[in-house]
Amino acid sequence: GAVVSQHPSWVICKSGTSVKIECRSLDFQATTMFWYRQFPKQSLMLMATSNEGSKATYEQGVEKDKFLINHASLTLSTLTVTSAHPEDSSFYICSARAALAKNIQYFGAGTRLSVL
Amino acid sequence: DAKTTQPPSMDCAEGRAANLPCNHSTISGNEYVYWYRQIHSQGPQYIIHGLKNNETNEMASLIITEDRKSSTLILPHATLRDTAVYYCIVREHSNSGYALNFGKGTSLLVTP
Numbered sequence: 012g013a014v015v016s017q018h019p020s021w022v023i024c025k026s027g028t029s030v031k032i033e034c035r036s037l038d039f040q041a042t043t044m045f046w047y048r049q050f051p052k053q054s055l056m057l058m059a060t061s062n063e064g065s066k067a068t069y070e071q072g073v074e075k076d077k078f079l080i081n082h083a084s085l086t087l088s089t090l091t092v093t094s095a096h097p098e099d100s101s102f103y104i105c106s107a108r109a110a111l112a113k114n115i116q117y118f119g120a121g122t123r124l125s126v127l
Numbered sequence: 457d458a459k460t461t462q463p464p465s466m467d468c469a470e471g472r473a474a475n476l477p478c479n480h481s482t483i484s485g486n487e488y489v490y491w492y493r494q495i496h497s498q499g500p501q502y503i504i505h506g507l508k509n510n511e512t513n514e515m516a517s518l519i520i521t522e523d524r525k526s527s528t529l530i531l532p533h534a535t536l537r538d539t540a541v542y543y544c545i546v547r548e549h550s551n552s553g554y555a556l557n558f559g560k561g562t563s564l565l566v567t568p
């Protein structure tokens, strides 16, 4: 089956620093990748949609200058949380949709971000 | 997207079938029913999807009523590792690249 690798799985950083999270589709080309955020005991909330080679589309209320998304290739998308603050602590999950897979999305294992 | 309604939680004994219901009474003709699950602290996992016919794969079976207003995901022999939150999502089966909208899902607890 399709595999999406997300790295790192867990990161702790100091307030004010930036953190980069990588999302790779290992055995397929992902024309579209999605970034979600999940707070404890809540469901996944979509942050942004990125298509390879174009700017990401952010959901309402998500700051594009704070959450930088780059989708430079068909197998890699990155999310950079800039100037992280404790309220950014969350579980970040990426997913990828293969070109011909319609709406079946494959998810990474998630990244647990803790900002001190 | 059509709205879905799922019970917040269910219990199932290990080895028994787990039947997870989902109501989607406003589903339109070109919308599919997708099921995903999320084991604690992991990313969601695709399980199965269908339009109107019943579907079966190595993980589960999906039974969709004839009027398509509801469906049931069946895990035929639940194991402790099936404890997870199960999400029923209704979406058009298109290449538009739209994200999946996750509701609250059903928290399934499989007990020994």
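Top to bottom, those sequences are chains A and B.
The working numbering numbers the first residue of the first sequence as 12 and each following residue consecutively.
The working numbering numbers the first residue of the second sequence as 457 and each following residue consecutively.
From the three backbone atoms N, C-alpha and C, an ideal C-beta is built for every residue, glycine too.
Spell out the partners DSSP gives residue i in its beta bridges.
{"i": "ASP38 of chain A", "result": "In the DSSP output, where bridge partners are listed per residue, ASP38 of chain A has none listed."}
{"i": "MET466 of chain B", "result": "B:LEU564"}
{"i": "GLU548 of chain B", "result": "B:GLU487"}
Nearest by alpha-carbon distance to residue i: which of the options is it?
{"i": "ALA469 of chain B", "options": "B:LEU536, B:THR521, B:ALA555", "result": "B:LEU536"}
{"i": "GLN17 of chain A", "options": "A:PHE45, A:GLU74, A:SER29, A:GLY64", "result": "A:PHE45"}
{"i": "MET132 of chain A", "options": "A:THR43, A:LYS52, A:ALA95, A:TYR103", "result": "Given a span of 12 to 127 for chain A in the structure shown, any question on residue 132 of chain A remains unanswerable."}
{"i": "ALA540 of chain B", "options": "B:SER527, B:THR460, B:ASN479, B:LEU531", "result": "B:LEU531"}
{"i": "VAL14 of chain A", "options": "A:GLY27, A:VAL30, A:ARG35", "result": "A:ARG35"}
{"i": "SER125 of chain A", "options": "A:SER88, A:SER106, A:THR89, A:GLN49", "result": "A:GLN49"}
{"i": "GLY559 of chain B", "options": "B:GLN494, B:ILE545, B:HIS480", "result": "B:ILE545"}
{"i": "GLY485 of chain B", "options": "B:GLU522, B:ALA555, B:TYR554, B:LEU529", "result": "B:GLU522"}
{"i": "SER94 of chain A", "options": "A:SER20, A:LYS31, A:GLY64, A:GLN116", "result": "A:LYS31"}
{"i": "ILE504 of chain B", "options": "B:TYR543, B:PRO464, B:MET466", "result": "B:TYR543"}
{"i": "GLN53 of chain A", "options": "A:CYS105, A:PHE118, A:SER101, A:SER106", "result": "A:SER101"}
{"i": "GLY506 of chain B", "options": "B:ALA555, B:HIS496, B:TYR492", "result": "B:TYR492"}
{"i": "TYR117 of chain A", "options": "B:THR562, B:LEU518, B:ALA555, B:PRO568", "result": "B:ALA555"}
How about residue i: is its C-beta nearer than 8 angstroms to some C-beta of chain B?
{"i": "ALA107 of chain A", "result": "no"}
{"i": "SER54 of chain A", "result": "yes"}
{"i": "GLN40 of chain A", "result": "no"}
{"i": "LEU90 of chain A", "result": "no"}
{"i": "ILE104 of chain A", "result": "yes"}
{"i": "ALA95 of chain A", "result": "no"}
{"i": "PHE50 of chain A", "result": "no"}
{"i": "GLN115 of chain A", "result": "Inspection of the sequence shows that residue 115 of chain A is occupied by Ile rather than by Gln. Closer than 8 angstroms: yes."}
{"i": "GLY27 of chain A", "result": "no"}
{"i": "LEU85 of chain A", "result": "no"}
{"i": "LEU124 of chain A", "result": "no"}
{"i": "LEU37 of chain A", "result": "no"}
{"i": "LEU127 of chain A", "result": "no"}
Taking only beta-carbon positions, decide if residue i is within less than 8 angstroms of chain A.
{"i": "LYS508 of chain B", "result": "no"}
{"i": "LEU556 of chain B", "result": "yes"}
{"i": "LYS459 of chain B", "result": "no"}
{"i": "LYS525 of chain B", "result": "no"}
{"i": "GLY471 of chain B", "result": "no"}
{"i": "GLN498 of chain B", "result": "yes"}
{"i": "GLN462 of chain B", "result": "no"}
{"i": "TYR542 of chain B", "result": "no"}
{"i": "HIS480 of chain B", "result": "no"}
{"i": "GLY485 of chain B", "result": "no"}
{"i": "HIS533 of chain B", "result": "no"}
Keeping to the same chain, check which residues put their C-beta closer than 6 angstroms to that of residue i; ignore five residues upstream and five downstream.
{"i": "THR43 of chain A", "result": "ASN62, ARG108"}
{"i": "LYS25 of chain A", "result": "LEU127"}
{"i": "ASN81 of chain A", "result": "THR89"}
{"i": "PRO477 of chain B", "result": "THR528"}
{"i": "THR461 of chain B", "result": "ASN479"}
{"i": "GLU548 of chain B", "result": "ASN486, GLU487"}
{"i": "ASP99 of chain A", "result": "VAL92, VAL126"}
Might you give, ordered along the chain, the residues of its own chain that have their beta carbon closer than 7 angstroms to the beta carbon of residue i, omitting 5 neighbours on each side?
{"i": "THR68 of chain A", "result": "ALA59, THR60"}
{"i": "THR86 of chain A", "result": "ARG35, SER36, GLN40, ALA41"}
{"i": "LYS508 of chain B", "result": "ILE520, ARG524"}
{"i": "ASP538 of chain B", "result": "ALA474, LEU531, LEU564, VAL566"}
{"i": "SER84 of chain A", "result": "GLU63"}
Output needed for residue i: all residues of its chain with C-beta closer than 8 angstroms, excluding positions within five of it in sequence on either side, in chain order.
{"i": "ARG472 of chain B", "result": "HIS533, ALA534"}
{"i": "ASN551 of chain B", "result": "Below a pLDDT of 50, predicted positions are generally treated as unreliable, and ASN551 of chain B, at 49, falls in that range; the measurement from the model is reported next regardless. Result list for ASN551 of chain B: empty, nothing under 8 angstroms."}
{"i": "SER20 of chain A", "result": "ALA120, GLY121, THR122, ARG123"}
{"i": "ILE483 of chain B", "result": "ALA458, VAL489, ARG524, LYS525, VAL546"}
Residues, ordered as in the chain, of the segment 61 to 82 of chain A that lie near chain B by beta-carbon distance below 8 angstroms: ASN62
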